[in-house]
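Peer 1: Sequence lines, in order, name chains A and B.
Just so you know, the numbering used here puts 253 at position 249 of the first sequence, and the rest follows in order with no gaps.
Just so you know, the numbering used here puts 229 at position 225 of the second sequence, and the rest follows in order with no gaps.
Don't be surprised by glycine CBs; every beta carbon is placed ideally from N, CA and C.
Structure provided below as structure tokens; questions to follow.
Number of protein chains: 2
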Amino acid sequence: MNFIDKLIAAVKKYENPSVAGLDPRLEYIPEAIREKASREYGGGFTAAAEAIITFNKKLIDALYDIVPAVKLQLACYEMYGIEGMRAFAETCAYARSKGMLVIADGKRNDIGSTAEAYSSAYLGKTPIDGSERSVFDADALTVNPYLGYDGVKPFIDDCSASGKGIFILVKTSNKSSGQLQDIVTQDGRYIYEKVAELVDEWGSSVMGCSGYSSVGAVVGATYPQQASVLRKIMKKAYILVPGYGAQGGTAKDAAKSFNDDGLGAIINASRSIMCAWKSERWAEKYGEDGFDQAARDEAVRMREDIHSALETKRECD
Amino acid sequence: MNFIDKLIAAVKKYENPSVAGLDPRLEYIPEAIREKASREYGGGFTAAAEAIITFNKKLIDALYDIVPAVKLQLACYEMYGIEGMRAFAETCAYARSKGMLVIADGKRNDIGSTAEAYSSAYLGKTPIDGSERSVFDADALTVNPYLGYDGVKPFIDDCSASGKGIFILVKTSNKSSGQLQDIVTQDGRYIYEKVAELVDEWGSSVMGCSGYSSVGAVVGATYPQQASVLRKIMKKAYILVPGYGAQGGTAKDAAKSFNDDGLGAIINASRSIMCAWKSERWAEKYGEDGFDQAARDEAVRMREDIHSALETKRECD
């Protein structure tokens with residue numbers, strides 16, 4: 005089955021167009037988990053990786069029947085070296101075993117032959133011993149468009165061959181995203197609009213039964229005006245929306261990335277879910293031991309927040 | 005010591021502005037090495053990683069006293085999973101132990117807080133157990149500029165704090181690089197020129213005694229005309245030039261990225277050095293067992309090739 009059809013089926017099943025970001029920092033993890041890992045593994049990156057694995061698995065246990073997908077920020081794993089990558093691999097496998105879709109947020113990019121190697125690592129398979137083997141085996145990967153089509157095609161080929169997806173950076177959520185992405189071109193358009201046109205074009209070869217493509221886009225919730233424009237340019241792209249919550253984007257902002265069918269976007273929250281147990285809203289109710297329940301309650305609150313923003317959008321449009 | 009001053013000192017010492025790309029593919033590795041690893045490690049990614057490590061170390065042994073730096077393409081290691089990352093780490097450490105500078109070619113990019121995590125992984129240090137530890141500890145990293153300054157600043161901070169360097173993608177060597185990079189802006193300039201201006205500006209905070217910055221740029225040998233223009237825009241950026249050899253760029257093309265002082269660029273060759281033993285030029289002389297000597301001879305040939313192209317440039321300019 006096509007990635008995008010799997011994603012939409014899961015979004016509909018849970019009535020929840022959101023993604024839980026598992027971008028662990030050690031300070032997000034309750035002391036008890038970190039101490040236990042330190043005792044058992046003697047500190048260092050091995051203990052850090054074990055703490056992350058325990059934390060992630062408990063979050064997945066608390067979320068898998070209400071949230072369709074997780075997004076793993078690769079940098080947060082790479083910073084703990086080989087042990088960190090082991091935590092990444094174990095988290096991917098565990099989330100998939102629980103039926104969640106896994107988005108590897110790696111923003112990978114390179115020339116064609118090298119993009120192929122990246123795609124083997126995260127989406128496709130690596131040839132070995134006369135056969136082929138999955139490596140990290142995520143369901144989707146974020147990709148940077150700066151190199152143009154021949155750097156993106158290998159990923160699209162794996163979308164097609166292995167039922168995977170990609171989300172291409174179009175308008176990122178950070179403050180200085182405009183420095184390059186908002187440059188105005190000769191024909192009076194922004195670079196992010198040009199990239200959106202390319203995403204729309206590139207996605208046409210991997211359409212799902214749903215009418216959406218397995219080639220999606222990244223558009224930050226922090227740029228709602230641009231999101232409205234981009235939604236129209238990339239009619240069939242699913243938009244992955246970062247920037248909700250801790251980065252300042254609201255559900256109303258994120259709603260701009262949806263189509264009138266109530267589909268077309270998924271909203272990611274990382275810190276607000278992972279650190280719900282530390283937040284003003286949930287800390288008193290749950291404390292450190294109830295971090296997973298706090299994450300679940302926050303995920304439910306977020307879902308309702310999105311529902312009500314989409315409702316308002318329907319009424320006002 | 006500043007990264008760029010270290011690089012320039014090494015280039016001068018070996019009279020060689022070139023970089024050996026260690027972007028291993030199993031088919032580049034002599035059969036005997038692969039078979040031995042398979043026998044000892046029972047096949048799979050562990051045997052692949054061991055074969056890569058043996059191959060890389062022998063290449064480093066053959067090159068370290070004539071070539072100043074190696075460039076490791078991360079995708080080629082990630083495609084073998086955790087074992088591949090172990091091969092990456094061991095190769096980095098071995099090359100540094102032999103006095104070579106290590107450029108991690110990862111084209112990483114993300115919003116500020118995440119770029120920080122990437123920078124910890126490859127350039128800086130990761131906080132752990134109340135202290136800090138180096139992770140992969142390369143000397144430099146390639147970085148993609150699509151997110152603008154706040155996604156690049158964390159890397160520059162580590163250049164400054166830890167004597168490291170970055171090379172920012174400006175004009176990449178692949179065929180479709182123009183799709184985004186050659187878009188003409190409102191003021192009649194190309195996107196790659198705009199990015200070059202940013203690179204020049206961003207680099208001003210990490211200048212070496214040499215007058216060059218530790219913030220460099222990537223400009224493909226396959227675009228010599230653009231290289232001439234970019235050389236003038238980024239006067240103080242060191243340019244990492246991919247695309248020489250197997251990708252079709254000549255020494256004359258690559259020479260466009262040098263300044264009149266004979267400095268300002270380093271030229272990478274991967275396949276032509278790693279696979280020298282398979283090439284028409286060296287296969288007969290060396291065969292499989294002499295792959296490291298073939299690589300050395302090819303590196304010497306490349307150095308002479310660059311010298312003569314720079315000589316011609318001096319005479320003609």
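Identify the contact partners of A:Asp154 in chain B, using a Cβ-Cβ distance below 7 Å as the criterion.
Peer 2: If you number the first sequence from 1, residue 154 of chain A lands on position 150. Within chain B, the residues near A:Asp154 are Asn178, Lys179 and Ser180.
Peer 1: Ignore the nearest five residues each way along the sequence and tell me which others in A:Ala24's own chain have a CB closer than 6 Å to its CB.
Peer 2: Counting from one through the first sequence, the residue named residue 24 of chain A turns up at place 20. So the qualifying residues of the chain are Leu67, Val71, Val74 and Ile277.
Peer 1: Using a threshold of 8 Å, state whether the C-beta atoms of A:Ile170 and A:Gly116 are closer than that.
Peer 2: Within the first sequence, numbered from 1, the residue matching residue 170 of chain A stands at position 166. Within the first sequence, numbered from 1, the residue matching residue 116 of chain A stands at position 112. No. Outside cutoff.
Peer 1: For A:Met89, decide whether its Cβ has a neighbour in chain B, counting only Cβ atoms nearer than 8 Å.
Peer 2: By 1-based counting over the first sequence, the position of residue 89 of chain A is 85. Judged by the 8 Å Cβ criterion, A:Met89 is in contact with chain B.
Peer 1: Since B:Met211 sits in a beta bridge, which residues does DSSP pair it with?
Peer 2: Position 207 of the second sequence, counted from the first residue, corresponds to residue 211 of chain B. According to DSSP, B:Met211 bridges with B:Ser217.
Peer 1: Of all the residues that make up the segment 122-134 of chain B, which are near chain A by a beta-carbon distance shorter than 7 Å?
Peer 2: Cβ contacts with chain A: Tyr122, Ser124, Ala125, Thr130, Ile132 and Asp133.
Peer 1: To which residues does DSSP link A:Thr58 through a beta bridge?
Peer 2: Residue 58 of chain A sits at position 54 when you count from the first residue of the first sequence. Beta-bridge pairing links A:Thr58 to no other residue.
Peer 1: Quick check on A:Leu234 - is its C-beta less than 8 Å from some C-beta in chain B?
Peer 2: Residue numbering aside, residue 234 of chain A sits at position 230 when the first sequence is read from its first letter. By this cut-off, A:Leu234 is not an interface position.
Peer 1: Kindly confirm or deny that the segment 252-265 of chain B and the segment 220-229 of chain B touch, where touching means at least three C-beta pairs closer than 8 Å.
Peer 2: With the cut-off at 8 Å, the segment 252-265 of chain B and the segment 220-229 of chain B touch.
Peer 1: What are the partner residues of A:Ala24, as DSSP defines its beta bridges?
Peer 2: Walking along the first sequence from the start, residue 24 of chain A turns up at place 20. According to DSSP, which records beta bridges pairwise, A:Ala24 is partnered with A:Val74 and A:Ala273.
Peer 1: With DSSP as the reference, label A:Leu173 as helix, strand or coil.
Peer 2: Mapped onto the first sequence, residue 173 of chain A falls at position 169. Three-state DSSP puts A:Leu173 in a strand.
Peer 1: For the putative contact between A:Gln185 and B:Val188, defined by C-beta atoms under 8 Å, what is the C-beta separation to the nearest angstrom?
Peer 2: Mapped onto the first sequence, residue 185 of chain A falls at position 181. Mapped onto the second sequence, residue 188 of chain B falls at position 184. Actually they do not touch by this definition, with Cβ atoms about 16 Å apart.
Peer 1: Do A:Phe49 and A:Tyr98 have their C-beta atoms within less than 8 Å of each other?
Peer 2: As a first step, residue 49 of chain A is located in the first sequence; it is residue number 45 there, counting from the start. As a first step, residue 98 of chain A is located in the first sequence; it is residue number 94 there, counting from the start. Not closer than 8 Å, so no.
Peer 1: Note down the Cα distance separating A:Tyr290 from A:Tyr45, rounded to an integer number of angstroms.
Peer 2: Against the first sequence, residue 290 of chain A aligns to sequence position 286. Against the first sequence, residue 45 of chain A aligns to sequence position 41. So the alpha carbons of these two residues sit roughly 28 Å apart.
Peer 1: State the CB to CB distance for the pair B:Pro34 and B:Glu292, rounded to an integer number of angstroms; the pair is presumed to be in contact (CB under 8 Å).
Peer 2: For this step, residue 34 of chain B is matched to residue 30 along the second sequence. For this step, residue 292 of chain B is matched to residue 288 along the second sequence. At roughly 4 Å, the Cβ-Cβ gap stays under 8 Å, so B:Pro34 and B:Glu292 are in contact.
Peer 1: Quick one: residues in its chain with C-beta nearer than 7 Å to the C-beta of A:Thr95, no 5 flanking neighbours on either side, listed in chain order?
Peer 2: In the first sequence, the residue the question calls residue 95 of chain A occupies position 91. Closer than 7 Å at the Cβ level, and outside the excluded window around A:Thr95, lie Leu26, Ile57, Asn60 and Leu76.
Peer 1: When the cut-off is 8 Å and only beta carbons count, does B:Val106 lie next to chain A?
Peer 2: Counting from 1 along the second sequence, the entry for residue 106 of chain B is found at position 102. No, no contact with chain A.
Peer 1: Of all Cβ atoms in chain A, is any one closer than 8 Å to the Cβ of B:Pro149?
Peer 2: Mapped onto the second sequence, residue 149 of chain B falls at position 145. Judged by the 8 Å Cβ criterion, B:Pro149 is in contact with chain A.
Peer 1: Considering Cα atoms alone, identify which of B:Ile132, B:Arg235, B:Ser283 and B:Glu82 is closest to B:Asp109.
Peer 2: Residue mapping note: residue 109 of chain B aligns to position 105 of the second sequence, counting from 1. Selected option, being the one with the closest Cα: B:Glu82.
Peer 1: Using three-state DSSP, classify B:Thr118 as helix, strand or coil.
Peer 2: In the second sequence, counting from the first residue as 1, residue 118 of chain B sits at position 114. Residue state, collapsed to three classes: helix.
Peer 1: Flag this pair as touching only if the segment 305-315 of chain A and the segment 233-252 of chain B have three or more C-beta atom pairs under 8 Å; answer yes or no.
Peer 2: Counting Cβ pairs under 8 Å, fewer than three are found: no touch.
Peer 1: If you draw a straight line from the C-alpha of A:Val174 to the C-alpha of B:Ile195, how long is it?
Peer 2: Position 170 of the first sequence, counted from the start, is the residue given in the question as residue 174 of chain A. Position 191 of the second sequence, counted from the start, is the residue given in the question as residue 195 of chain B. Each residue's Cα considered, the two are about 15 Å apart.
Peer 1: Please identify the residue among B:Lys236, B:Ile107 and B:Gly215 whose C-alpha is closest to the C-alpha of B:Glu201.
Peer 2: Here the question's residue 201 of chain B lines up with position 197 in the second sequence. Nearest of B:Lys236, B:Ile107 and B:Gly215 to B:Glu201, Cα basis: B:Lys236.
Peer 1: Could you name the residues of chain A that B:Thr118 contacts, counting a contact when the two beta carbons are closer than 7 Å?
Peer 2: Against the second sequence, residue 118 of chain B aligns to sequence position 114. Those within 7 Å of B:Thr118 in chain A are Gln77 and Ala79.
Peer 1: Take the Cβ of A:Arg43 as the centre, count every other Cβ of all protein chains shown within 10 Å, and call the residue buried at 16 or more, exposed below.
Peer 2: Counted from its first residue, the first sequence places residue 43 of chain A at position 39. Label assigned to A:Arg43: exposed.
Peer 1: Straight-line CA distance for A:Pro131 to A:Arg137?
Peer 2: Your numbering for residue 131 of chain A matches position 127 in the first sequence. Your numbering for residue 137 of chain A matches position 133 in the first sequence. Roughly 6 Å separates the two Cα atoms.
Peer 1: For a cutoff of 8 Å on Cβ pairs, would you count A:Glu205 as touching chain B?
Peer 2: Counting from 1 along the first sequence, the entry for residue 205 of chain A is found at position 201. No, because no Cβ of chain B sits closer than 8 Å to the Cβ of A:Glu205.
Peer 1: Chain B partners of A:Leu267, CB-CB under 9 Å?
Peer 2: For the purposes of this step, residue 267 of chain A is taken as residue 263 along the first sequence, with counting starting at 1. In chain order: nothing, as chain B lies at least about 26 Å away.
Peer 1: Bridge partners for A:Lys129 per DSSP, in chain order?
Peer 2: Mapped onto the first sequence, residue 129 of chain A falls at position 125. Answer is A:Ser138, bridged to A:Lys129.
Peer 1: Using C-beta distances below 6 Å, list every residue in its chain close to A:Glu87, excluding the 5 sequence neighbours before and after it, in chain order.
Peer 2: Taking the first residue of the first sequence as 1, we reach residue 87 of chain A at position 83. Closer than 6 Å at Cβ, skipping near neighbours: Phe49, Thr50 and Ala53.
Peer 1: Rounding to the nearest angstrom, what Cα-Cα distance links B:Leu11 and B:Glu197 in this structure?
Peer 2: Position 7 of the second sequence, counting from 1, holds the residue named residue 11 of chain B. Position 193 of the second sequence, counting from 1, holds the residue named residue 197 of chain B. Roughly 25 Å between the two C-alpha positions.
Peer 1: Quick one: using the 10 Å Cβ neighbour count with 16 as the cut-off for buried, is A:Ser177 buried or exposed?
Peer 2: Position 173 of the first sequence, counted from the start, is the residue given in the question as residue 177 of chain A. By the neighbour-count rule (16 or more Cβ atoms within 10 Å), A:Ser177 is buried.
Peer 1: On the CB-based measure, 16 or more other CB atoms within 10 Å of its CB, does B:Gln230 come out buried or exposed?
Peer 2: Taking the first residue of the second sequence as 1, we reach residue 230 of chain B at position 226. Looking at its Cβ environment, which holds 16 or more other Cβ atoms inside 10 Å, B:Gln230 is buried.
Peer 1: Per DSSP, what kind of secondary structure is A:Arg112 in: helix, strand or coil?
Peer 2: Along the first sequence, one-based indexing puts residue 112 of chain A at 108. In this structure, A:Arg112 counts as strand in the three-state DSSP scheme.
Peer 1: Tell me the residue span of the alpha helix (DSSP H) that contains B:Tyr196.
Peer 2: One-based indexing of the second sequence puts residue 196 of chain B at position 192. Ile195 to Trp206 is the span of the alpha helix (DSSP H), which, as asked, contains B:Tyr196.
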